[in-house]
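Peer 1: In my numbering, the protein residues as written are 856 to 1193.
Positions of the beta carbon are idealized from the N, C-alpha and C atoms, including for glycine.
Structure incoming, see below.
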């Protein structure tokens, strides 16, 4: 029965990445930092977390997950991204009984300063510039029944490079359903449904000669270069989490997500989590099944959880993700409960 159920769910998710598998729109969206996964736990499990999202990191993966929280939780995440880029995430979720669960979060991507170079000064003008991206948002989730939850995020997104910037707003929506069979969970979410982004700033101002063939006219008419508008990277996720082994001593969870982005082909993520006494955790996963020449693939990690007598708890997680020719990415996250 267990084997047949897993086969059925896998086949049900297969069309997510096979139906339009040859279509790709790589490089057609802005705010690429929104694709960077949050939390070492989910990252170690191959980012197959839409149905397993049962801690405060659900703010990113599936906002419906925070409705299952029984205590306040705060998460701090540091991601050492490729090319010395830093990505940080801070979030909090506060359950308020029948009113629902409310959350806040901040995500920020930063990098070191770089030299300003031009066509005529390729070695640098003496000026420095930097680029950064951020998302700030709020969340709300509520139990619709004892097994079904709904959640939504609203967020402001901004990117800046030197004197130019672009911004927009977006929403995330998710649902979670816990079945009665072996604690099977089903999840679905839509992330980054929002407006387009268009760079604007003082460096787009320039001088033009409207009539270059006419002598004596004003050759320095102020004009503004028009930049293109880009969508943000919307994602649709659907998946399940299943516990083939669960008792007082140990738990083994298997997860599978189908992901359909608006700027890439569809693919599958798979992962697992082994828990001993819900105190020590080992995890592994693979991201991008169905993606040819996939640079991001295998991931692994571990975690420790400790609950204290006064209701305070702490969980520390670590994840390693192989990025092929780009080497690897390491994530660290801490979740505090109180």
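Out of 1175, 1160 and 1165, state which residue places its alpha-carbon closest to the alpha-carbon of residue 1190.
Peer 2: Numbered from 1 along the chain shown, position 335 holds the residue referred to as residue 1190. Ranking 1175, 1160 and 1165 by Cα distance to residue 1190 puts 1160 first.
Peer 1: Beta-carbon within less than 6 Å of residue 934's beta-carbon, same chain only, minus the 5 sequence neighbours each way: which residues are those?
Peer 2: Within the chain shown, the letter at position 79 stands for residue 934. Excluding positions up to five away in sequence, the list reads 942 and 1186.
Peer 1: Under 6 Å Cβ to Cβ from residue 950, same chain only, skipping five residues before and after it: list those, please.
Peer 2: Mapped onto the chain shown, residue 950 falls at position 95. Closer than 6 Å at the Cβ level, and outside the excluded window around residue 950, lie 924 and 956.
Peer 1: Using the three-state DSSP reduction, which class does residue 998 fall into: helix, strand or coil?
Peer 2: Your numbering for residue 998 matches position 143 in the chain shown. Secondary structure at residue 998: strand, using DSSP grouped into helix, strand and coil.
Peer 1: Measure from the alpha carbon of residue 1124 to the alpha carbon of each residue in 1109, 1060 and 1136, then state which is nearest.
Peer 2: Residue 1124 sits at position 269 when you count from the first residue of the chain shown. Taking only the C-alpha atoms, the option nearest residue 1124 is 1109.
Peer 1: How big is the Cα-Cα spacing for residue 1058 and residue 1131?
Peer 2: Position 203 of the chain shown, counted from the start, is the residue given in the question as residue 1058. Position 276 of the chain shown, counted from the start, is the residue given in the question as residue 1131. Cα-Cα distance, rounded: 57 Å.
Peer 1: Mind reading off the beta-carbon distance from residue 1009 to residue 992? Whole number of angstroms is fine, and I expect it under 8 Å.
Peer 2: The sequence position of residue 1009 within the chain shown is 154, counting from 1. The sequence position of residue 992 within the chain shown is 137, counting from 1. Taking 8 Å as the upper bound for CB-CB distance, residue 1009 and residue 992 are in contact here, some 6 Å apart.
Peer 1: Go ahead and pull the three-state DSSP assignment for residue 951.
Peer 2: Within the chain shown, numbered from 1, the residue matching residue 951 stands at position 96. Coil.
Peer 1: Residue range of the alpha helix (DSSP H) that residue 914 falls in?
Peer 2: Residue numbering aside, residue 914 sits at position 59 when the chain shown is read from its first letter. That run of the alpha helix (DSSP H) goes 913–916.
Peer 1: Give me, in chain order, the residues of the same chain whose beta-carbon lies closer than 8 Å to that of residue 1178; leave out the 5 immediate sequence neighbours on both sides.
Peer 2: As a working note, residue 1178 is residue 323 in the chain shown. Cβ within range, chain order: 937, 1150, 1151 and 1184.
Peer 1: Judging by CA-CA distance, which residue of 913, 1087 and 901 is the nearest neighbour of residue 853?
Peer 2: Given that the chain is displayed from residue 856 to residue 1193, the structure contains no residue 853 and the question cannot be resolved.
Peer 1: Do you know how far the Cα of residue 1072 is from the Cα of residue 1082?
Peer 2: Sequence index remark: in the chain shown, residue 1082 carries index 227 (1-based). Sequence index remark: in the chain shown, residue 1072 carries index 217 (1-based). One C-alpha to the other measures close to 28 Å.
Peer 1: Assuming residue 1167 contacts residue 1192 under a Cβ cut-off of 8 Å, what Cβ separation, rounded to an integer in Å, is found between them?
Peer 2: Position 312 of the chain shown, counted from the first residue, corresponds to residue 1167. Position 337 of the chain shown, counted from the first residue, corresponds to residue 1192. Right, their Cβ atoms sit about 7 Å apart.
Peer 1: With DSSP as the reference, please indicate the residues paired to residue 1020 in a beta bridge.
Peer 2: Counted from its first residue, the chain shown places residue 1020 at position 165. DSSP, once it has assigned bridges, lists 1015 and 1055 as partnering residue 1020.
Peer 1: With H, G and I counted as helix, E and B as strand and the rest as coil, what does DSSP make of residue 1192?
Peer 2: Translated into positions along the chain shown, residue 1192 becomes position 337. Here residue 1192 sits in strand by DSSP.
Peer 1: Measuring alpha carbon to alpha carbon, tell me which of 1032, 1133 and 1140 ends up nearest residue 1170.
Peer 2: Within the chain shown, the letter at position 315 stands for residue 1170. Among 1032, 1133 and 1140, the Cα nearest to that of residue 1170 is on 1133.
Peer 1: I need the boundaries of the alpha helix (DSSP H) containing residue 896, first residue and last residue.
Peer 2: For this step, residue 896 is matched to residue 41 along the chain shown. Start and end: 895–899.
Peer 1: CB-CB under 8 Å to residue 1048, same chain, minus the five flanking residues each way: which ones, in chain order?
Peer 2: Position 193 of the chain shown, counting from 1, holds the residue named residue 1048. The answer, listed in chain order, is 1025, 1026, 1027, 1028 and 1089.
Peer 1: Which whole-angstrom value describes the C-beta separation of residue 1012 and residue 891, a residue pair presumed to lie in contact below a C-beta threshold of 8 Å?
Peer 2: Along the chain shown, read from residue 1 onward, the residue named residue 1012 stands at position 157. Along the chain shown, read from residue 1 onward, the residue named residue 891 stands at position 36. Their Cβ separation, rounded to whole angstroms, is 13 Å, which puts residue 1012 and residue 891 out of contact at 8 Å.
Peer 1: Do the CB positions of residue 901 and residue 1120 come within less than 7 Å of each other?
Peer 2: The residue given as residue 901 occupies position 46 in the chain shown. The residue given as residue 1120 occupies position 265 in the chain shown. In this structure, residue 1120 does not lie closer than 7 Å to residue 901 by Cβ.
Peer 1: Tell me the DSSP secondary structure of residue 865 in three-state form.
Peer 2: Residue mapping note: residue 865 aligns to position 10 of the chain shown, counting from 1. In this prediction, residue 865 has a pLDDT of 42, which is less than 50 and means its spatial position is unreliable; what the coordinates show is noted afterwards. In this structure, residue 865 counts as helix in the three-state DSSP scheme.
Peer 1: Can you give me the Cβ contacts of residue 967 inside the same chain, cut-off strictly under 8 Å, excluding the 5 residues immediately before and after it?
Peer 2: Taking the first residue of the chain shown as 1, we reach residue 967 at position 112. For residue 967, where only same-chain residues beyond five positions count, the Cβ hits under 8 Å are 939 and 985.
Peer 1: Within 10 Å of its beta-carbon, does residue 1116 have 16 or more other beta-carbons around it, so buried, or fewer, so exposed?
Peer 2: Counting from 1 along the chain shown, the entry for residue 1116 is found at position 261. Buried, by the Cβ-count rule.
Peer 1: Based on the DSSP output, what are the partners of residue 965 in its beta bridges?
Peer 2: By one-based count along the chain shown, residue 965 stands at place 110. Answer is 941 and 987, bridged to residue 965.
Peer 1: Report yes if the C-beta distance between residue 1173 and residue 1155 is below 7 Å; otherwise report no.
Peer 2: Here residue 1173 refers to the residue found at position 318 when the chain shown is read from its first residue. Here residue 1155 refers to the residue found at position 300 when the chain shown is read from its first residue. Cβ distance not < 7 Å, so residue 1173 and residue 1155 don't count as in contact.
Peer 1: Between residue 999 and residue 1054, what straight-line distance do the alpha-carbon atoms span, to the nearest angstrom?
Peer 2: As a first step, residue 999 is located in the chain shown; it is residue number 144 there, counting from the start. As a first step, residue 1054 is located in the chain shown; it is residue number 199 there, counting from the start. Approximately 41 Å, taken between the alpha carbons.
Peer 1: Assign residue 1067 to one of two classes, buried (16 or more other C-beta atoms within 10 Å of its C-beta) or exposed (fewer than that).
Peer 2: In the chain shown, residue 1067 corresponds to position 212, counting from 1. Residue 1067 comes out exposed.
Peer 1: Does residue 1102 pass the burial test, meaning 16 or more other C-beta atoms within 10 Å, or should it be called exposed?
Peer 2: As a position in the chain shown, residue 1102 is number 247, starting the count at 1. Result: exposed.
Peer 1: For residue 1046, which residues does DSSP report across the bridge?
Peer 2: The count along the chain shown starts at 1 and reaches residue 1046 at position 191. According to DSSP, which records beta bridges pairwise, residue 1046 is partnered with 1090.
Peer 1: Starting from the Cα of residue 922, find the closest Cα among 1018, 1033, 983 and 1076 and give me that residue.
Peer 2: Residue 922 sits at position 67 when you count from the first residue of the chain shown. Selected option, being the one with the closest Cα: 1033.
Peer 1: Would you check if the distance between the CB atom of residue 899 and the CB atom of residue 1188 is smaller than 7 Å?
Peer 2: As a position in the chain shown, residue 899 is number 44, starting the count at 1. As a position in the chain shown, residue 1188 is number 333, starting the count at 1. Result no, Cβ atoms of residue 899 and residue 1188 do not sit closer than 7 Å.
Peer 1: Taking the alpha-carbon positions, what's the residue 1181 to residue 1001 distance?
Peer 2: Taking the chain shown and counting its residues from 1, the one referred to as residue 1181 is at position 326. Taking the chain shown and counting its residues from 1, the one referred to as residue 1001 is at position 146. Computed Cα separation, rounded: 44 Å.
Peer 1: Which same chain residues, not among the five before or five after residue 1040, have their C-beta less than 6 Å away from its C-beta?
Peer 2: Along the chain shown, one-based indexing puts residue 1040 at 185. These residues qualify, in order along the chain: 906, 1033 and 1096.
Peer 1: Compute the Euclidean distance between the alpha carbons of residue 1105 and residue 948, then round it to the nearest angstrom.
Peer 2: If you number the chain shown from 1, residue 1105 lands on position 250. If you number the chain shown from 1, residue 948 lands on position 93. Each residue's Cα considered, the two are about 27 Å apart.
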